[in-house]
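Chemist: First the structure, then my questions, so here it is.
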DNA sequence: ATTTTTTGTGTAACATGTTACACAATTTGG
DNA sequence: CCAAATTGTGTAACATGTTACACAAAAAAT
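Protein chains in written order, with the UniProt record's numbering: chain A, 1 to 340; chain B, 1 to 340.
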């Protein structure tokens, strides 16, 4: 790999001059500039970002940690982050943590070791980590800013971007109630703040609409497709059988729909189904899946925005907490054909 | 950000000793080791990878360039790459090029500037770039290895991993012919090697099965969903109307199916549809989409494998070219119910 | 007890850039 | 035409690590 010294030698100038040419800083005569430029081209020289960042102490690198790259939710969020950051000259360093405590800590350390200028951590639920603060402390103590997507109680002043899960679940449940269902099964996710909040929305909608809650209607899943399938099998056994199902995320809702298909139960005529997240699959599957719309792209963008404003110190106050609102996309899976 | 000097000072030893503790190299007494370890913990010190890579001239970073992170094909491929590389201690630097010449060149330069140890470039079709060699030359001239996913004529000895498009298209077409269709419309992609090859498979299957080709049945798309929808509208106008459609990728096939749905044409009874890539959506949509299976994950893995073998010099011969074989996943979209 | 070997630690050079400062060559102004 | 201002270039220090080499202390061998 060629270095600035080789370029300097080939051009017959000092390294300082080469640096000036590259960074277009200070005085350089046209004649010299051309000589240097030519040497650079011949050697295919590119400045070593590592060495560069030693002096400038900025790498233009942002660490992004997501639990699962394959999950459409995080994917779209990443897209929002990437679009915003790329434009500002930053480049992303992706890493997958798989909702694992240890792994998460490792990747944060790895980011620090690469001297990222900042990092964005995403998780379905940070509360599961015994001590989230311990994970991010190394970053903060070294003045590397961190923003979070999700739920945390932190003693640090940290920016977070979240989503109004209570309201979202409320909307979906209310919609089902308004469609005349009074027995709505719930496919829940793993124990987490996110699940709790979505449950709360489900609950409140019942209360506000004077429909009594039946704990027997709650079946637990793990946010993955297969668990949705399994949960639906259990629901089909129930007696009396619920006429509607609300799944805490789309992937489980889709699993549930597959179970219904396999058992020749028609959606929405016999059982209506609603999901959460509004991933792209909702419009692909038939009947199309009613779902709570989460502005994933915008959430990503906001995360990036928060981070950058911290980094360039245009903001340095207490931890901000932006909660994005919900909207329900009503589709075929909850609207009987004669009602359409 | 704390440095090795601060650790050394706090522990009352020299930087060399701290370095020894961190890298577990050379002799260090237990007592000293503990003192240093403690200082590291207090300061939350992490070695600066940038400085480290200055001396070791290895960053453990691999650049990965894909045209579109949102495309399920590249996504799964990335997963294969990531899984393989992560295990070996490498970390990925993702970048999106959007099938753009300029952008691609930029990102390669960016990778070099970050002194990646190697890079993997993916494209649907490299031939579209006027001079692909010019893009990768800076890397190769600096001894940074490059592997490609796709089609290129290069003067360099470069490893490539591809897929047998001719055979894949042949299988899909043959299947449709065997199902009794003699008039099969083709939704083609943008002009590219990939399209040419898939066309060749379509053509050869016709010839081998003694069915005459009808150029009027070919409609051009751009590999995106909407173009599949539009193409299908044109196909529906044809007279006589074809009884089957083969789309050069799944995304277009799905667009086509949506058009058929909107026009209440039943699949596969009135028109059979087959796609290419076997993305996850094939199993989500109804009827399930018959598609050519591309071992995306394995292709990603192979790319990573090729790269690493070049990097650690366990291989340094001429450019390898691995072509993965095809298989057809037959699903509902091409098999009439009474035949099931 | 002396020599040899092993263990433990520090000094200084190097990897690749940036940049403050010094100095020389031009150009400008009176 | 000479002082002042501007322009052009080099030297050397610094950023943060690794490591060869030197040297001292402790342990083992004779």
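Think of the CB as a built atom: it goes at the ideal place given N, C-alpha and C, for glycine as much as any other residue.
As the structure is a prediction and not an experimental result, all values here were calculated from the model.
Tell me, which residues are paired with residue 243 of chain B by DSSP?
Modeler: Beta-bridge pairing links residue 243 of chain B to no other residue.
Chemist: Could you check how far apart the C-beta atoms of residue 251 of chain A and residue 223 of chain A are, in whole angstroms? I think they sit under 8 angstroms.
Modeler: Contact flag correct, Cβ pair sits at about 7 angstroms.
Chemist: Does DSSP put residue 76 of chain A in a helix, in a strand, or in coil?
Modeler: If DSSP states are grouped into helix, strand and coil, residue 76 of chain A belongs with the helices.
Chemist: On the DSSP bridge assignment, give the partners of residue 94 of chain B in chain order.
Modeler: According to DSSP, residue 94 of chain B bridges with B/64.
Chemist: Spell out whether any CB of chain A is found under 8 angstroms from the CB atom of residue 143 of chain B.
Modeler: By this cut-off, residue 143 of chain B is an interface position.
Chemist: Using a beta-carbon distance below 8 angstroms, is residue 94 of chain B in contact with chain A?
Modeler: Yes, residue 94 of chain B lies at the interface with chain A (some Cβ there is under 8 angstroms from its Cβ).
Chemist: Below 8 angstroms, how does it come out for the region 9-18 of chain B and the region 325-339 of chain A: are there three or more Cβ pairs, yes or no?
Modeler: No contact exists between the region 9-18 of chain B and the region 325-339 of chain A.
Chemist: Does any residue of chain B bring its CB to less than 8 angstroms from the CB of residue 49 of chain A?
Modeler: Judged by the 8 angstroms Cβ criterion, residue 49 of chain A is in contact with chain B.
Chemist: Just list the residues that DSSP pairs residue 322 of chain A with in beta bridges.
Modeler: Bridge partners of residue 322 of chain A: A/161.
Chemist: Which full runs of the beta strand (DSSP E) of 3+ residues lie inside the region 172-256 of chain A, going along the chain?
Modeler: As far as the region 172-256 of chain A is concerned, its whole beta strand (DSSP E) runs of at least 3 residues are 184-188, 218-220 and 244-247.
Chemist: Identify the continuous alpha helix (DSSP H) that holds residue 20 of chain B and give its terminal residues.
Modeler: Start and end: 15-23.
Chemist: Measure from the alpha carbon of residue 46 of chain B to the alpha carbon of each residue in A/263, A/213, A/216 and A/107, then state which is nearest.
Modeler: Cα-wise, what sits closest to residue 46 of chain B is A/107.
Chemist: Can you grab the Cα-Cα spacing for the pair residue 151 of chain A / residue 49 of chain A, in whole Å?
Modeler: Straight-line Cα distance between these residues: approximately 35 angstroms.
Chemist: Examine chain A for any beta-carbon lying closer than 8 angstroms to the beta-carbon of residue 2 of chain B, and answer yes or no.
Modeler: Yes, because at least one Cβ of chain A sits closer than 8 angstroms to the Cβ of residue 2 of chain B.
Chemist: One question on the structure: do residue 95 of chain B and residue 118 of chain B come within less than 8 angstroms of each other, judged by their Cβ atoms?
Modeler: Contact: no.
Chemist: Is there contact here, the region 229-248 of chain A with the region 303-315 of chain A, by at least three beta-carbon pairs under 8 angstroms?
Modeler: No, they do not touch.
Chemist: Looking at the C-beta of residue 340 of chain A, does it have a partner C-beta in chain B at a distance below 8 angstroms?
Modeler: Its pLDDT being 45, under 50, residue 340 of chain A is placed unreliably in this model, and the value from its coordinates should be taken loosely. Judged by the 8 angstroms Cβ criterion, residue 340 of chain A is not in contact with chain B.
Chemist: Using a cut-off of 9 angstroms between C-beta atoms, extract the partners of residue 29 of chain A located in chain B.
Modeler: The premise fails here: residue 29 of chain A is roughly 26 angstroms from chain B at the closest Cβ pair, so nothing lies under 9 angstroms.
Chemist: For residue 75 of chain B, would you say it is in contact with chain A, using Cβ-to-Cβ distances shorter than 8 angstroms as the test?
Modeler: Yes, residue 75 of chain B counts as interfacial toward chain A.
Chemist: Quick one: which residues of the region 111-141 of chain B get their C-beta closer than 8 angstroms to a C-beta of chain A? List them in chain order.
Modeler: So the close ones are 112, 113, 114, 115, 137, 138 and 141.
Chemist: Taking only beta-carbon atoms, is residue 326 of chain A less than 8 angstroms away from chain B?
Modeler: No, no contact with chain B.
Chemist: Residue range of the beta strand (DSSP E) that residue 276 of chain A falls in?
Modeler: Run containing residue 276 of chain A: 272-277, per the beta strand (DSSP E) assignment.
Chemist: Compare the C-beta of residue 288 of chain B with all C-beta atoms of chain A and state if any pair is closer than 8 angstroms.
Modeler: No - not a single Cβ of chain A is within 8 angstroms of the one on residue 288 of chain B.
Chemist: Is it buried or exposed, residue 373 of chain B, if we count other Cβ atoms within 10 angstroms and call 16 or more buried?
Modeler: Examination of residue 373 of chain B is not possible in this model, given that chain B is present from 1 through 340 alone.
Chemist: With H, G and I counted as helix, E and B as strand and the rest as coil, what does DSSP make of residue 36 of chain A?
Modeler: If DSSP states are grouped into helix, strand and coil, residue 36 of chain A belongs with the helices.
Chemist: To be precise: take each residue of the region 276-305 of chain A, compare its Cβ to all Cβ atoms of chain B, and keep it if any distance is under 8 angstroms. Which residues remain?
Modeler: From the region 276-305 of chain A, only 281, 284, 285 and 286 have a Cβ closer than 8 angstroms to chain B.
Chemist: In chain B, which residues lie less than 8 angstroms from residue 79 of chain A when you measure between Cβ atoms?
Modeler: Correct list: 69 and 70.
Chemist: Please go through the same chain and pick out, in chain order, the residues whose beta-carbon is closer than 6 angstroms to the beta-carbon of residue 160 of chain B, but skip the five residues on each side of it.
Modeler: Same-chain partners within the cutoff: 148 and 321.
Chemist: Tell me residue 292 of chain A's beta-bridge partners as DSSP assigns them.
Modeler: Bridge partners of residue 292 of chain A: A/276 and A/328.
Chemist: Any idea which residues DSSP pairs residue 4 of chain B with across the strands?
Modeler: Answer is none; residue 4 of chain B lacks a bridge partner.
Chemist: In three-state terms, what does DSSP make of residue 284 of chain B?
Modeler: Three-state result, residue 284 of chain B: coil.
Chemist: Taking the alpha-carbon positions, what's the residue 176 of chain A to residue 169 of chain A distance?
Modeler: Those two C-alpha atoms are separated by around 11 angstroms.
Chemist: Between the region 78-95 of chain B and the region 19-32 of chain A, do three or more beta carbon pairs fall short of 8 angstroms?
Modeler: Too few Cβ pairs lie closer than 8 angstroms, so no.
Chemist: Using CA coordinates, which residue listed in B/122, B/57, B/83 and B/167 is at the minimum distance from residue 116 of chain B?
Modeler: Answer by Cα proximity: B/57.
Chemist: Sort B/337, B/99 and B/91 by Cα distance to residue 68 of chain B and report the nearest one.
Modeler: Of the listed residues, the one whose Cα sits closest to residue 68 of chain B is B/99.
Chemist: Answer with buried or exposed for residue 230 of chain B, where buried requires no fewer than 16 other C-beta atoms within 10 angstroms of its C-beta.
Modeler: Buried, since its Cβ has 16 or more Cβ neighbours within 10 Å.
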